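**Student:**
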Amino acid sequence: MTTTPIPTPTATPPDILRCAYMDIVVTDLARSRAFYVDVLGLVVTEESDTEIYLRSFEEFIHHNLVLRQGPVAAVAAMAFRVRAPEDVGLAEAWYRELGCRTERRTEGFVKGVGDSVRVEDPLGFPYEFFYSVDHVERLAWRYDLQGPGALVRLDHFNQVTPDVGRGRGYLEDLGFRVTEDIQDEDGVTYAAWMRRKDTVHDTALTGGDGPRMHHIAFSTHEKHNIIYICDKLGALRMSDVIERGPGRHGVSNAFYLYLRDPDGHRVEIYTQDYYTGDPDNPVVTWDVHDNQRRDWWGNPVVPSWYTDASLVLDLDGNPQPVLVRTESSEMAVTVGADGFSYTRKDDKEHGFKLGNTL
Numbered sequence: 001m002t003t004t005p006i007p008t009p010t011a012t013p014p015d016i017l018r019c020a021y022m023d024i025v026v027t028d029l030a031r032s033r034a035f036y037v038d039v040l041g042l043v044v045t046e047e048s049d050t051e052i053y054l055r056s057f058e059e060f061i062h063h064n065l066v067l068r069q070g071p072v073a074a075v076a077a078m079a080f081r082v083r084a085p086e087d088v089g090l091a092e093a094w095y096r097e098l099g100c101r102t103e104r105r106t107e108g109f110v111k112g113v114g115d116s117v118r119v120e121d122p123l124g125f126p127y128e129f130f131y132s133v134d135h136v137e138r139l140a141w142r143y144d145l146q147g148p149g150a151l152v153r154l155d156h157f158n159q160v161t162p163d164v165g166r167g168r169g170y171l172e173d174l175g176f177r178v179t180e181d182i183q184d185e186d187g188v189t190y191a192a193w194m195r196r197k198d199t200v201h202d203t204a205l206t207g208g209d210g211p212r213m214h215h216i217a218f219s220t221h222e223k224h225n226i227i228y229i230c231d232k233l234g235a236l237r238m239s240d241v242i243e244r245g246p247g248r249h250g251v252s253n254a255f256y257l258y259l260r261d262p263d264g265h266r267v268e269i270y271t272q273d274y275y276t277g278d279p280d281n282p283v284v285t286w287d288v289h290d291n292q293r294r295d296w297w298g299n300p301v302v303p304s305w306y307t308d309a310s311l312v313l314d315l316d317g318n319p320q321p322v323l324v325r326t327e328s329s330e331m332a333v334t335v336g337a338d339g340f341s342y343t344r345k346d347d348k349e350h351g352f353k354l355g356n357t358l
């Protein structure tokens, strides 16, 4: 894919602290509440007939997830908290220099959040930047409320975009640092993990048709919490919402589980990645043909994980058009191409474990 790089603004970028919340549209608020609150155990900060504000147990800001009733399941905003009130203005100026559409509201776009700017970024994603926020009770010590599958933090977003290299350069200009990526021998980048806080990522770019939202991820303390969630879903006869896992990633080294909510929005439950905060933290590059990159145990990825993702909205609330990735797809060069993956690179026998049992 030959595309024009996104120019680097002369303006100072905002100082981003972390991913903070996602604002998503759901088509049946009651069904979504049952999934996120009754099953996954997220805490309700406040709710109405049209929206629900949810947070994880260790959070002290108003919410990590907004569920909003609407006609089309999609993502309205991927929100990042910045270090100071002045950084909201820096974000606005930075994106305006890029020629992106921006909208700023001193009263905020959602309850519990003040002065904010939303933008349609150069990749077509709806980003929000804010500092001012209402504080709520942090429930880290409320073990009487936490269950064995407690979701304790919002960890990251994952975005699907046709040209990962182009998006990577833009996010690096914005101040994100790459921790890991997936490439092939020709230098095609299939995915990149980008961080602001000192973990593997606050957001990731996955190569595919986009802009679309691949998933939102919440952390548990330990992997046994994820096993409990699987057992709970089985007991509720809801095992069909498990799309992939449980397992351990090669990339990030984290233990994972992927679920699909009632609208198909993907939610990852995630734990035990590693510290990345040193200035010379090395970037880890994975070969796209290494079948342990996505699952450390060498299990193949289900095709829907590569193909399915949520629409994202523009600032008027309309779905952004989805552009096709023209570079090689990760699924085509690994899962869909017999003999192109390996466990031990120099072995003559290649392929996923599953192929050896058929």
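Sequential numbering of the sequence shown, starting at 1, is according to full-length UniProt numbering.
Virtual Cβ for every residue (Gly too), placed ideally from N, Cα, C.
Everything numeric in this text was worked out from a predicted model, so none of it was measured.
Starting from the C-beta of residue 1, find all residues in its chain whose C-beta is less than 6 Å away, skip the five residues before and the five after it, and write them out in chain order.
**Tutor:** In this predicted model, residue 1 has a pLDDT of only 47, less than 50, meaning its place in the structure is not dependable; the value taken from the coordinates is given anyway. Same-chain partners within the cutoff: 163, 326 and 327.
**Student:** Could you tell me which of 62, 303, 289 and 174 sits nearest to residue 334, measuring between CA atoms?
**Tutor:** If we check each option's Cα against that of residue 334, 289 comes out closest.
**Student:** Which residue from 19, 101, 168 and 159 puts its Cα closest to that of residue 197?
**Tutor:** Closest by alpha carbon: 19.
**Student:** Any contact between the region 148-160 and the region 2-21? By contact I mean 3 or more CB pairs, one from each, below 8 Å.
**Tutor:** Short answer: they touch.
**Student:** Using CA atoms only, rank isn't needed, just tell me which of 188, 91 and 344 is closest to residue 174.
**Tutor:** Taking only the C-alpha atoms, the option nearest residue 174 is 91.
**Student:** Within 10 Å of its beta-carbon, does residue 283 have 16 or more other beta-carbons around it, so buried, or fewer, so exposed?
**Tutor:** By the neighbour-count rule (16 or more Cβ atoms within 10 Å), residue 283 is not buried but exposed.
**Student:** To which residues of the same chain is residue 8 closer than 6 Å at the C-beta, ignoring the five residues directly before and after it?
**Tutor:** Answer for residue 8: 173, listed in chain order.
**Student:** Could you give the distance in angstroms between the alpha-carbon of residue 179 and the alpha-carbon of residue 165?
**Tutor:** Approximately 14 Å between the Cα atoms of the pair.
**Student:** List the endpoints of the continuous alpha helix (DSSP H) containing residue 33.
**Tutor:** Here the alpha helix (DSSP H) through residue 33 covers 29-33.
**Student:** Using only CA atoms, which one of 228, 251, 254 and 340 lies nearest to residue 242?
**Tutor:** Out of 228, 251, 254 and 340, 228 has the C-alpha closest to the C-alpha of residue 242.
**Student:** Quick check: what's the CA-CA separation for residue 358 versus residue 75?
**Tutor:** Model confidence at residue 358 stands at a pLDDT of 47, short of 50, so the residue's coordinates are unreliable; what they give is reported in the following sentence. Whole-angstrom Cα-Cα distance: 39 Å.
**Student:** Label residue 60 either buried or exposed according to how many other C-beta atoms from any shown protein chain fall within 10 Å of its C-beta, with 16 as the threshold for buried.
**Tutor:** Exposed.
**Student:** Residues in the same chain with beta-carbon distance under 8 Å from residue 26, minus the five sequence neighbours each way, listed in chain order, please.
**Tutor:** Excluding residues within five positions, the ones whose Cβ falls inside 8 Å are 32, 67, 68, 69, 70, 73, 261, 262, 263 and 265.
**Student:** By the three-class DSSP mapping on this structure, what secondary structure does residue 224 have?
**Tutor:** DSSP places residue 224 in helix when its eight states are reduced to three.
**Student:** Quick one: what's residue 206 bridged to in DSSP?
**Tutor:** Looking at the DSSP assignment, residue 206 forms a beta bridge with 160 and 191.
**Student:** When you compare only the Cα positions, how much space is there between residue 330 and residue 14?
**Tutor:** The straight-line gap from Cα to Cα measures roughly 33 Å.
**Student:** Contact between the region 305-314 and the region 213-223 is defined here as three or more beta-carbon pairs at a separation below 8 Å; is this criterion met?
**Tutor:** Cβ pair count under 8 Å is three or more, so yes.
**Student:** What whole-angstrom Cβ distance do residue 234 and residue 160 have, given they're in contact under 8 Å?
**Tutor:** Going by Cβ atoms, the distance from residue 234 to residue 160 rounds to 29 Å, so no, they are not a contact pair.
**Student:** So residue 53 and residue 112 are supposed to be a Cβ contact under 8 Å. How far apart are they, rounded?
**Tutor:** Indeed they touch by this definition, with Cβ atoms about 6 Å apart.
**Student:** Tell me whether the beta-carbon of residue 268 lies closer than 8 Å to the beta-carbon of residue 275.
**Tutor:** The answer is no: Cβ separation not under 8 Å.
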